[in-house]
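K.L.:
These protein sequence lines are chains A and B, in that order. Per numbering that gives the first Met the number 0, the very first residue in the first sequence carries number 0; after that it's consecutive. Per numbering that gives the first Met the number 0, the very first residue in the second sequence carries number 0; after that it's consecutive.
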Amino acid sequence: MIIAVASGKGGTGKTTIATSLALSLALNGSLPILFLDCDVEAPNAHIFLKPELAKKNSVDILIPSVLESKCTLCARCSEVCQFNAIAVLGKKVVVFPQLCHGCGSCMLVCPEHAIEELANNIGVIECGLTAEGILFVRGMLNEGEPMPVPIIRRLKKLISPQKNQIIIIDTSPGASCPVVATVQDADFLILVTEPTPFGLHDLRAAVEISRAMQIPAGVVINRENGDSLELEGYCHHENLPVLMRVPYARKIAEGIARGQPLINIISDYQNQFISLFNQIVAALQLKNE
Amino acid sequence: MKVALTVTEPSLDAKIDPRFGRSAFLLLIDTDNDQWEAFTNESINSPSGAGVKTAQFVVDHKVKAVISGDFGPNALRALQSACILLYLYGKCVTGREAIEKFKAGQLQQVNLLDESD
Chain A
0 MIIAVASGKG GTGKTTIATS LALSLALNGS LPILFLDCDV EAPNAHIFLK PELAKKNSVD
60 ILIPSVLESK CTLCARCSEV CQFNAIAVLG KKVVVFPQLC HGCGSCMLVC PEHAIEELAN
120 NIGVIECGLT AEGILFVRGM LNEGEPMPVP IIRRLKKLIS PQKNQIIIID TSPGASCPVV
180 ATVQDADFLI LVTEPTPFGL HDLRAAVEIS RAMQIPAGVV INRENGDSLE LEGYCHHENL
240 PVLMRVPYAR KIAEGIARGQ PLINIISDYQ NQFISLFNQI VAALQLKNE
Chain B
0 MKVALTVTEP SLDAKIDPRF GRSAFLLLID TDNDQWEAFT NESINSPSGA GVKTAQFVVD
60 HKVKAVISGD FGPNALRALQ SACILLYLYG KCVTGREAIE KFKAGQLQQV NLLDESD
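1) Is the beta carbon of residue 153(A) less than 8 Å from the beta carbon of residue 189(A)?
2) Residue 69(B) and residue 19(B) look like a contact to me (Cβ under 8 Å); what is the Cβ gap, rounded to whole Å?
3) Which residue marks the beginning of the alpha helix (DSSP H) containing residue 54(B), and which one marks its end?
4) Please report the Cβ distance between residue 140(A) and residue 147(A), rounded to the nearest whole angstrom; I am assuming they are in contact, meaning their Cβ atoms lie under 8 Å.
5) List, in chain order, every chain A residue whose beta-carbon is nearer than 7 Å to that of residue 126(B).
6) Might you give, ordered along the chain, the residues of its own chain that have their beta carbon closer than 7 Å to the beta carbon of residue 115(B), omitting 5 neighbours on each side?
7) May I have a chain-ordered list of the beta strand (DSSP E) segments no shorter than 3 residues that lie completely inside the segment 149 to 214 of chain A?
8) Considering residue 233(A), what are the terminal residues of the alpha helix (DSSP H) in which it resides?
9) Helix, strand or coil, according to DSSP, for residue 220(A) in the structure here?
10) Whole angstroms are fine: how far does the CA of residue 60(A) sit from the CA of residue 242(A)?
11) Going by DSSP, which residues form a beta bridge with residue 122(A)?
12) With DSSP run on the structure shown, which of helix, strand or coil describes residue 42(B)?
13) What is the rounded straight-line gap between the Cα of residue 198(A) and the Cα of residue 10(A)?
14) Residues in its own chain within less than 6 Å of residue 14(A) by CB, not counting five upstream and five downstream?
15) May I have the straight-line CA-CA distance separating residue 204(A) from residue 288(A), to the nearest angstrom?
16) Which complete beta strand (DSSP E) runs does the segment 56 to 96 of chain A hold, if anything under 3 residues is left out?
17) To the nearest angstrom, report how far apart residue 58(B) and residue 174(A) are at their CA atoms.
18) Taking C-beta pairs closer than 7 Å, name the residues in chain A that residue 73(B) reaches, listed in chain order.
19) Name the two residues that bound the continuous alpha helix (DSSP H) containing residue 76(B).
20) Classify residue 116(B) as helix, strand or coil using the three-state DSSP reduction.
21) Determine, using beta carbons only, whether residue 92(B) comes closer than 8 Å to chain A.
22) Considering only C-alpha positions, which residue in the set 44(B), 64(B) and 9(B) is nearest to residue 38(B)?
23) Does the segment 260 to 268 of chain A come close enough to the segment 16 to 30 of chain A to have 3 or more Cβ pairs within less than 8 Å?
24) Along chain A, in chain order, which residues have C-beta atoms closer than 7 Å to that of residue 47(B)?
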């Protein structure tokens, strides 16, 4: 089962919820847990899960390299490129690696076979075990690289259809390509939000993604301060179950700032996360019937 | 000499557009006879590489110099590899003002060495 934790708005507590859900399930039972930190531009789940990172793999994309001796400047390569990553400028063919998505179209259309592909490193994937036995994997995009999706796709390939394995995915904020690539194939989406105008605005965008991709979703309201009327009304109207509420409390903020998982700050939360998981299981059973 | 300017309307008296890759219009002017022609910038809605595509347009039209508000890193590399001279609007308000200043040699030229780091 794949559960992705997303939010729309940044800083609502995705990682707080994702890491404590993984820890609660790991401490509770014998099901194998795989945790993927797909927020490759700013991965931070390791702060709470404290894995022993043992393996590191480089992530490369293939970018074109033009053999000038064979090139006739016909410009088919630049015409086919949807990202303007290759241009024929006067008597030169120029490649823009940071615009290239590595699709290989330019190489395929080149009538002179003048294009080769070279590996261009854009980031790393690291993995290791946590003390609780969670298999932890994170991707990290190199600083200054603009394209997170190739790393996210590589991370997602590590998911094997192992029976009973629970996969928890931490998603990047926003509602664009990286989020769509991350939540693709998820069985359920936990949408973490907060009772602010921004929280609600961006929740709507995240809900639109879940609807368009036909992934069932539920909401966690974080930093609840008694001012959630509009947010609760929206969830009710959209038939979105509110799976859990976390209060706006100094004690929690202090613990998170020290890198403590929510369930270590307030121990009662372990049961709440198990109950959250059971609600997801029940929702999915209902959907499959 | 053929010069390209980025402008907000298809006219020499239009306000300048400070963006290169996503400017609304491109004005190509021949400084020898002051004849100009305006083009809609086709790459304005390009999801990626608008600067490269606009540079491609400028190069294909045999332009020798470009005047704009600024140049992004990809546009800069593209224009630079075609040996096109680059100038900044500075405080110019209209296209006409910019081209007069260009002819008088009063526009700041982009220092390629400064931009490359």
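No residue lacks a Cβ here, since even glycine has one placed at the ideal position from N, Cα and C. In this text, all values refer to a predicted model and were calculated from it rather than measured experimentally.
P.N.:
So, from the listed chains and residues:
1) By one-based count along the first sequence, residue 153(A) stands at place 154. By one-based count along the first sequence, residue 189(A) stands at place 190. Contact: no.
2) Along the second sequence, one-based indexing puts residue 69(B) at 70. Along the second sequence, one-based indexing puts residue 19(B) at 20. Rounded, the Cβ-Cβ distance is 7 Å, consistent with contact.
3) Locating residue 54(B) in the second sequence gives position 55, where the first residue counts as 1. From DSSP, the alpha helix (DSSP H) with residue 54(B) extends over 49 to 59.
4) Numbered from its first residue, the first sequence carries residue 140(A) at position 141. Numbered from its first residue, the first sequence carries residue 147(A) at position 148. So it is a contact: roughly 5 Å between Cβ atoms.
5) Outside the displayed span of chain B (0 to 116) sits residue 126(B), for which this structure offers no information.
6) Translated into the one-based positions of the second sequence, residue 115(B) becomes position 116. Only weak support exists for where residue 115(B) lies, its pLDDT of 44 falling under 50; the value from the coordinates is given anyway. Excluding sequence neighbours, residue 115(B) sits near nothing in its chain.
7) Within the segment 149 to 214 of chain A, the complete beta strand (DSSP E) runs of at least 3 residues fall at 165 to 169 and 187 to 192.
8) Numbered from its first residue, the first sequence carries residue 233(A) at position 234. For residue 233(A), the uninterrupted alpha helix (DSSP H) segment begins and ends at 228 to 236.
9) Reading the first sequence from its first residue, position 221 is the one you call residue 220(A). Under the three-state reduction of DSSP, residue 220(A) is assigned to strand.
10) The residue given as residue 242(A) occupies position 243 in the first sequence. The residue given as residue 60(A) occupies position 61 in the first sequence. Between residue 242(A) and residue 60(A), the alpha-carbon positions lie close to 39 Å from each other.
11) For the purposes of this step, residue 122(A) is taken as residue 123 along the first sequence, with counting starting at 1. In the DSSP output, where bridge partners are listed per residue, residue 122(A) has 58(A) and 140(A).
12) Reading the second sequence from its first residue, position 43 is the one you call residue 42(B). Coil, per DSSP.
13) To locate residue 198(A), count along the first sequence from 1; it is residue 199. To locate residue 10(A), count along the first sequence from 1; it is residue 11. Put simply, the backbone Cα of residue 198(A) is about 9 Å away from that of residue 10(A).
14) One-based indexing of the first sequence puts residue 14(A) at position 15. Answer for residue 14(A): 43, 44 and 169, listed in chain order.
15) For the purposes of this step, residue 204(A) is taken as residue 205 along the first sequence, with counting starting at 1. For the purposes of this step, residue 288(A) is taken as residue 289 along the first sequence, with counting starting at 1. Whole-angstrom Cα-Cα distance: 28 Å.
16) Contiguous beta strand (DSSP E) elements confined to the segment 56 to 96 of chain A occur at 85 to 88 and 91 to 94, taking only those with 3 or more residues.
17) Indexing the second sequence from 1 puts residue 58(B) at position 59. Indexing the first sequence from 1 puts residue 174(A) at position 175. As the crow flies, the alpha-carbon of residue 58(B) is around 36 Å from that of residue 174(A).
18) Counted from its first residue, the second sequence places residue 73(B) at position 74. Here the neighbours are 95 and 98.
19) Translated into positions along the second sequence, residue 76(B) becomes position 77. 72 to 80 is the span of the alpha helix (DSSP H), which, as asked, contains residue 76(B).
20) For the purposes of this step, residue 116(B) is identified with residue 117 of the second sequence, where counting begins at 1. Only weak support exists for where residue 116(B) lies, its pLDDT of 40 falling under 50; the coordinates are left without a value.
21) Counted from its first residue, the second sequence places residue 92(B) at position 93. No, residue 92(B) lies away from the interface with chain A (no Cβ there is under 8 Å from its Cβ).
22) What you label residue 38(B) is simply residue 39 of the second sequence in a count that begins at 1. Comparing Cα-Cα distances from residue 38(B) to each of 44(B), 64(B) and 9(B), the minimum goes to 9(B).
23) Judged by Cβ distances under 8 Å, the segment 260 to 268 of chain A makes contact with the segment 16 to 30 of chain A, as three or more pairs qualify.
24) The sequence position of residue 47(B) within the second sequence is 48, counting from 1. Near residue 47(B) (Cβ distances below 7 Å), the residues of chain A are 82, 83 and 98.
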